[in-house]
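To start, the structure under review is shown below, and the notes come after it.
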DNA sequence: TCGCATAATACTGTATCCATAATTATGAAT
DNA sequence: ATTCATAATTATGGATACAGTATTATGCGA
C-alpha cells in the first residue's frame with residue numbers, strides 16, 4: 081500500500097531485542113544488575129530509549145524492576161519451572177491436538193521436512209542445531225493449531241524459559257530421548273491420531289522438565305550470589 | 081524487613097494503572113487515539129513517565145503502538161475472541177481440576193462463601209456486583225490450583241478481554257444461566273470430582289463466549305470508525 | 001577493633017529541549 | 001472543481017539536564 085507502512089522500528093525496540101539476545105546467551109546472567117548509564121553508553125544512546133526497552137523486558141518477565149533501586153535479570157526458581165513446564169505441556173499438547181486435525185497433506189510434508197532436519201542435527205551431534213530445529217518444529221505445530229493467542233502465550237513463556245541454561249540436552253542420552261519423542265509425536269500426527277499426539281506432546285514437555293531437574297540436581301553448587309556491582313541488593317523477602 | 085521494602089511505586093506505574101482503569105471503563109474506547117501531550121497535561125506530568133506507561137500497556141496488549149504515528153487503544157476482532165476464550169477455557173478448566181484435588185475443607189468453605197455472594201448479587205440483579213463476585217470466585221479457583229504462572233497468564237488474558245464491553249450479562253437469561261453453571265461447578269468441586277469440575281469450567285467459559293457472540297450479532301452496527309482525532313490513521317493492511 | 005552516625009557518591013526518576021517524521025493546510029495547475 | 005505538489009504545523013522520538021533517593025564511604029565514639 082502506502083510507503084509509510086514500512087515503519088522503521090523505534091530505537092527502544094531494537095535495544096530491547098539486543099538485550100534479549102544478551103540475556104538468552106547468558107552474557108547477562110540471572111541476578112546480574114543492569115546499569116542504565118553503562119548500557120546507554122555502550123550502545124551510544126541516551127537513557128530514554130533504554131529505559132523504555134527495560135519496561136518492555138520487565139513486562140515480558142526477563143528483567144525485574146525494583147523502583148528507585150534498579151533492574152536485574154530475573155532469576156527463576158525451581159518452583160517457577162515446576163509451574164511453567166506443566167503449563168507449556170498443556171498448551172503445546174493442545175496445539176498438537178488441533179494441528180493434527182487441521183494439517184493438510186502439504187502441512188504434513190513440511191512437518192516431516194522439519195523433523196528430518198532434527199534427525200540430521202542429532203546425527204551430527206550438534207546441540208545448538210538440534211535446539212534450533214526443535215524450536216522450528218514446535219513452532220510449526222503451534223502455527224498449524226491456528227490459534228494465534230495460544231502461540232503468543234507459548235512464545236512468551238518460552239522467552240522466560242530461556243532464562244535457564246539450555247544445556248540439558250548435553251545430559252547423558254537426553255538428545256536421543258528427545259529425538260525419539262519427536263518421532264512418535266510426528267507419527268501420531270501423520271496417523272491423524274489427535275489424542276495421542278496431544279498426550280505425547282504433553283509428555284515430551286514434562287520429559288524436558290525432568291531432564292532439567294536432573295541436571296540441576298547434578299550441579300548442586302548454584303551461583304551463591306548475583307553477579308557483583310552495587311552489592312547484594314536483592315531481598316527475596 | 082528493611083524499611084526500603086516499602087518502595088513507593090514509580091510514577092509510570094501509577095499512570096499505567098490509571099490508564100488501565102480508563103480503558104476498562106471504556107472511557108477510552110478501542111480505536112481511540114491516545115495523545116501523549118494531552119494526557120501528560122491532564123495528569124500534570126511530563127511526557128517521559130507517560131511514554132513509559134504506554135510501553136507497559138502495549139506489552140500487555142491494551143494499546144497498540146504505531147512507531148512515529150502514535151498509539152491507540154487496541155481493537156479486538158471476533159477472531160481474537162474466538163482464540164482467547166477457548167484458551168481461557170483450557171486454562172481455567174485445568175485450574176478447576178487442580179483446585180478440586182488440592183482444596184482443603186477450609187478452602188471449600190471459602191469457595192462456598194464466594195459463591196453465596198454471587199447468588200446474592202444475582203438475586204439483587206446487580207450486574208456489576210455479579211461481575212465482581214464472579215471474578216472473585218474464578219480467582220479463588222485459580223489460586224487454589226497452586227500454579228502461579230497459570231494464574232498470571234489468565235490474569236493477562238482477562239485484562240485483554242476487558243477491552244470488550246462486559247454487558248453480555250444483560251442478555252436475556254445469561255445471568256441466570258451463568259449462575260447455574262457456577263452452581264454445578266461448585267458442586268463438582270465439593271464432590272471432589274475433578275474431571276467434571278474441569279469439564280464444567282471449560283464449558284462455562286465457552287458459554288460466556290457464546291453469549292458475547294450473540295450480543296455482537298444482535299448489535300450489527302459497530303462503530304464504523306475509531307473515535308476522531310488526527311483522522312483515520314489506522315490501516316489494517 | 002567494632003558499631004553507628006553522617007557525609008559523599010552514584011544511580012534512578014522526572015522534566016525540558018531539540019530533531020525528525022507524519023499529517024494537514026494551502027495553493028497552483030489542469 | 002479537483003488533484004497534486006509544497007509548505008506549515010503538530011506530535012512523536014531521542015538527548016540532555018536536574019532532582020531525589022539509596023548505597024557506600026568515612027570518621028567518630030565506645
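Protein chains in written order, with the working numbering: chain H, 81 to 317; chain F, 81 to 317.
C-beta atoms are modelled at their ideal positions from N, C-alpha and C, and glycine is treated no differently.
- When the Cα atoms are used, residue 230 of chain H and residue 180 of chain F turn out to be separated by approximately 25 angstroms.
- One thing to note: residue 210 of chain H has its Cβ within 8 angstroms of the Cβ of residue 249 of chain H.
- Interface criterion not met: the Cβ of residue 115 of chain F is under 8 angstroms from no Cβ in chain H.
- In the assembly as shown, residue 253 of chain F is an exposed residue. Its beta-carbon has fewer than 16 other beta-carbons within 10 Å.
- Within its own chain, the residues whose Cβ lies closer than 7 angstroms to the Cβ of residue 116 of chain H, once the five positions on either side in sequence are excluded, are 127, 130 and 131, listed in chain order.
- Below 8 angstroms, enough C-beta pairs join the region 182-196 of chain H and the region 216-226 of chain H to call them touching: three or more.
- From the beta-carbon of residue 140 of chain H, the residues of chain F found nearer than 8 angstroms are 139.
- For secondary structure counted as the alpha helix (DSSP H) over 4 or more consecutive residues, the region 141-178 of chain F holds no complete run.
- When beta bridges are read from the DSSP output, residue 113 of chain H appears opposite H/152.
- Taking every protein chain shown into account, the CB of residue 185 of chain H has fewer than 16 other CB atoms within 10 angstroms, so this residue is exposed.
- Cβ neighbours of residue 207 of chain F within its own chain (closer than 8 angstroms, five residues either side excluded): 247, 249, 250 and 255.
- Close partners of residue 164 of chain H in chain F (Cβ separation under 8 angstroms): 229.
- For residue 286 of chain H, the enclosing alpha helix (DSSP H) has its first and last residue at 274-298.
- Per the coordinates, the alpha-carbon of residue 263 of chain F lies some 11 angstroms from the alpha-carbon of residue 277 of chain F.
- The residue from F/289, F/270 and F/135 with its alpha-carbon nearest to that of residue 189 of chain F is F/270.
- Annotation: residue 150 of chain H to residue 114 of chain H spans about 7 angstroms, alpha carbon to alpha carbon.
- For residue 185 of chain H, the enclosing alpha helix (DSSP H) begins and ends at 185-204.
- Under the Cβ distance rule, residue 135 of chain F counts among the residues neighbouring chain H, one pair being separated by less than 8 angstroms.
- Contact of residue 88 of chain H with chain F by beta-carbon distance below 9 angstroms involves 147 and 148.
- A check of alpha carbon separations from residue 289 of chain H across H/97, H/166 and H/136 identifies H/166 as the nearest.
- Counting C-beta atoms within 10 angstroms of its own C-beta, residue 88 of chain H has fewer than 16 neighbours from the protein chains shown and is therefore classed as exposed.
- Nearest C-alpha to residue 287 of chain H among H/261, H/274 and H/267: H/261.
- Secondary structure of residue 252 of chain F (DSSP, three-state): coil.
- Listed along chain F, the residues sitting closer than 9 angstroms to residue 167 of chain H by beta-carbon distance are 171, 174, 227, 229, 230 and 233.
- Closer than 8 angstroms to the CB of residue 132 of chain H there is at least one CB belonging to chain F.
- In terms of CA proximity to residue 294 of chain H, H/161 leads the group H/145, H/140, H/161 and H/169.
- Membership of residue 227 of chain F in any alpha helix (DSSP H) is not indicated, and neither H nor E is assigned to it by DSSP.
- Counting of Cβ neighbours within 10 angstroms places residue 215 of chain F among the exposed residues, the total staying below 16.
- At a Cβ-Cβ threshold of 8 angstroms, residue 123 of chain H and residue 153 of chain H do not count as neighbours.
- Assignment of residue 231 of chain H by DSSP, reduced to helix, strand and coil, places it in the helix class.
- Burial is judged here by how many other beta carbons sit within 10 angstroms of a residue's own beta carbon; residue 205 of chain F has fewer than 16 and is exposed.
- Exposed is the label assigned to residue 121 of chain F, since fewer than 16 other Cβ atoms lie within 10 Å of its Cβ.
- Burial of residue 110 of chain H is indicated by the presence of at least 16 other C-beta atoms within 10 angstroms of its C-beta.
- Residues of chain F with a Cβ closer than 9 angstroms to the Cβ of residue 160 of chain H are, in chain order, 228 and 229.
- Secondary structure at residue 242 of chain F: coil, using DSSP grouped into helix, strand and coil.
- Distance between residue 100 of chain H and residue 240 of chain F, taken at the CA atoms: about 24 angstroms.
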